[in-house]
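Numbering (the working numbering), first residue to last: 290 to 456.
Below, the structure written as structure tokens:
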């Protein structure tokens, strides 16, 4: 399994990049993809809903399935991102690519999503292998100032695959 971290300020194009990458990975390589997203502002499970009631009663895991065969999994037990990644790796599903979104402290190859060049330097770290996000869709002349490749998951799909050694 290949793990790719996607970081960037809010509104920089992280979700947009991951969405486009998933579509290309699925349609061109038939890859199975998992995304773990860090949500800072709100809780996931709504108070009063059954899944919330179950975990509040003491269940460490609540799995919800509807008649459309859609599933949701809620962990009540405090679990850090490393434990969650290990859970995905050991899990019952074949996973080719795991994207993490918004976890800045991970030591995995990283895509930094930015709106403009001034957003690059304050967020750059040794794990960043490429730049993407809204900057990849703009026609900036200053792109040459960045020493890392700027990739769009759709338009530069082969470059993306090469950077992250995806075969």
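Heads up, the beta-carbon is just placed ideally off N, CA and C, and yes, glycines get one too.
Given the structure is predicted, the values throughout are model-derived calculations rather than measurements.
Cβ-Cβ separation, residue j to residue i (assumed contact under 8 Å), whole Å
i	j	result
residue 441	residue 419	Residue 441 to residue 419, Cβ: 10 Å. No contact.
residue 384	residue 321	5 Å
residue 399	residue 296	6 Å
residue 291	residue 386	5 Å
residue 328	residue 388	With a Cβ gap of about 15 Å, residue 328 and residue 388 do not count as contacting.
residue 377	residue 401	Not quite, the Cβ-Cβ distance comes to about 23 Å (not below 8 Å), so this is no contact.
residue 324	residue 390	6 Å
residue 346	residue 353	Not a contact, Cβ separation roughly 15 Å.
residue 315	residue 443	Between residue 443 and residue 315 the Cβ distance is about 13 Å, and since that is not below 8 Å, they are no contact.
Which of helix, strand or coil DSSP assigns to residue i
i	result
residue 406	helix
residue 323	strand
residue 388	strand
residue 440	coil
residue 310	helix
residue 362	strand
residue 435	coil
residue 383	coil
residue 393	coil
Minimum C-alpha distance to residue i - residue among the options
i	options	result
residue 369	411, 355, 326	326
residue 344	410, 393, 367	367
residue 393	314, 338, 371, 375	371
residue 298	447, 445, 409	409
Bridge-paired residues (DSSP) for residue i
i	result
residue 399	294, 417
residue 342	Answer is none; residue 342 lacks a bridge partner.
(message) I want to know whether the region 298-308 touches the region 407-423 - three or more CB-CB distances under 8 Å.
(response) Yes, since at least three Cβ pairs between the region 298-308 and the region 407-423 fall closer than 8 Å, the two stretches touch.
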